[in-house]
Amino acid sequence: MARQVKGVKDVKIKTNDENGLTSKASSTNKKTDIAIKPVSSAKDVEEGQAFTKDDNDMTERVATISSDVVDTLFKGDAIGKTIYIDGMGFTVKGIHDEFMTPNLVQVQTKTVKRYLPTLTSSLPQLELTFQESMSKKEVGNAVADKLNKNGSAVGDGTYQYTDLEALMKNINNVFDAITYFVAAVAGISLFIAGIGVMNVMYISVAERTEEIAIRRAFGAKGRDIELQFLTESIILCLIGGVIGLVIGMGIASIVDALTPEYIRSSVTLGSVLLAVGVSSFIGIVFGWIPARAASKKELIDIIK
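Residue 229 in full-length UniProt numbering is what sits at position 229 of the sequence shown, and the numbering runs on without skipping anything.
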């Protein structure tokens, strides 16, 4: 039917069995709709236990359920109790985070294939290929309208067109905006930090006038004095950069421990080199002026 719409080049039926199957679940006296995710190991179990390899190999009828399923079916402790899926009893082994799917139940892949082979995909989809000259949005909406009138699933819900390319573009725009905002805040912070480094170096130059005079007396040139203070400025900024990097990695580890597995921080060699490079750059830029001022001090002027 979708192929009959002008502008549609090809249509494929796509199921998301890996992402979720639909069914009904019940406890002793309550029922609810659930999404079942076949997995080899349970993710982010907060209470109870996760699946073991033996559970999967022996197709044990155990499951982990999300906290909203606990609230709906058990109203309290659910560990060790029985949840009925398609009339089949499964022992609740653990309670996991809700992820991004409400009413989620995780069951081992082999167990699903053995005991729940008739479950259907939670999100059956039509994947459309458009003719190049046609508007994706107009053709997609036309297909949705046609299926809503004459489709095989009329009455079970509504068909909707989703442009994943446009959706990803919008998501990327949001992340770009966040990146620019964070970069702006970081830039302001670096500028303020640079001013602080400059002040520290000016104070250091003022307090070490005698040292500069002694070095001058022993033949040190202006560029030697400048290089000395510039090096100190760079080392100071590098120490601050390394401390900041270690603190950042610590915070990232804490965030990883508190968030679901699909949200993970990444500390790469590139980010480490960037931190070192930016720290060195700040040390050079904001340390050069005090270093230059130190190099201009003449022995005669210091003695006076």
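Note that the Cβ used here is the ideal one computed from N, Cα and C, for glycine as well.
Legend entry - CA-to-CA distance, Ile247 to Val200, given in whole angstroms: 23 Å
Inset, instruction - With DSSP as the reference, label Lys93 as helix, strand or coil. - result: strand
Inset, instruction - Report the option in Met88, Gly87, Asp97 and Ile212 whose CA atom is closest to the CA atom of Thr64. - result: Asp97
Inset, instruction - Tell me, please, whether the stretch 39-58 touches the stretch 105-117 by the rule of three or more beta-carbon pairs shorter than 8 Å. - result: yes
Inset, instruction - Measure the CB-CB distance between Val272 and Leu238 and report whether it falls below 8 Å. - result: no
Inset, instruction - May I have the straight-line CA-CA distance separating Ile83 from Leu116, to the nearest angstrom? - result: 14 Å
Legend entry - Nearest neighbour of Arg264, chosen from Ser253, Gly270 and Leu274 [CA to CA]: Ser253
Legend entry - Stretch-stretch touch, CB-based, cutoff 8 Å, three pairs: the stretch 189-196 with the stretch 163-178: no
Legend entry - Of the listed residues Ala183, Gly140 and Thr259, nearest to Leu164 (C-alpha basis): Gly140
Inset, instruction - Could you name the residues that DSSP lists as bridge partners for Gln49? - result: Its beta-bridge partners do not exist; DSSP assigns none.
Legend entry - Reduced DSSP secondary structure (H/G/I, E/B, other) of Asp86: coil
Legend entry - Euclidean distance between Cα positions of Arg208 and Gly277: 28 Å
Legend entry - CB of Lys31 within 8 Å of CB of Gln106, strictly: no
Inset, instruction - Assign Lys37 to one of three DSSP states: helix, strand, or coil. - result: strand
Inset, instruction - Sort Ile79, Gly241, Ala50 and Arg292 by Cα distance to Lys221 and report the nearest one. - result: Arg292
Legend entry - Spatial neighbours of Lys24 in its chain, beta-carbon cut-off 8 Å, leaving aside the 5 residues before and after: Lys31, Thr32, Asp33, Ile34, Ile85 and Asp86
Inset, instruction - Within 10 angstroms of the Cβ of Val182, are there 16 or more other Cβ atoms? Answer buried if so, exposed if not. - result: exposed
Inset, instruction - Quick one: using the 10 Å Cβ neighbour count with 16 as the cut-off for buried, is Pro102 buried or exposed? - result: exposed
Inset, instruction - Assign Glu132 to one of three DSSP states: helix, strand, or coil. - result: coil
Legend entry - Test item: CB-CB of Gln225 and Ile212 under 8 Å: The question names Gln, but residue 225 is Ile in the sequence shown. Yes, the Cβ-Cβ distance between Ile225 and Ile212 is below 8 Å.
Legend entry - The beta strand (DSSP E) enclosing Leu104, as first and last residue numbers: Leu104 to Gln108
Inset, instruction - Compare the C-alpha of Thr72 against each of Val205, Thr268 and Leu104 and name the closest. - result: Leu104
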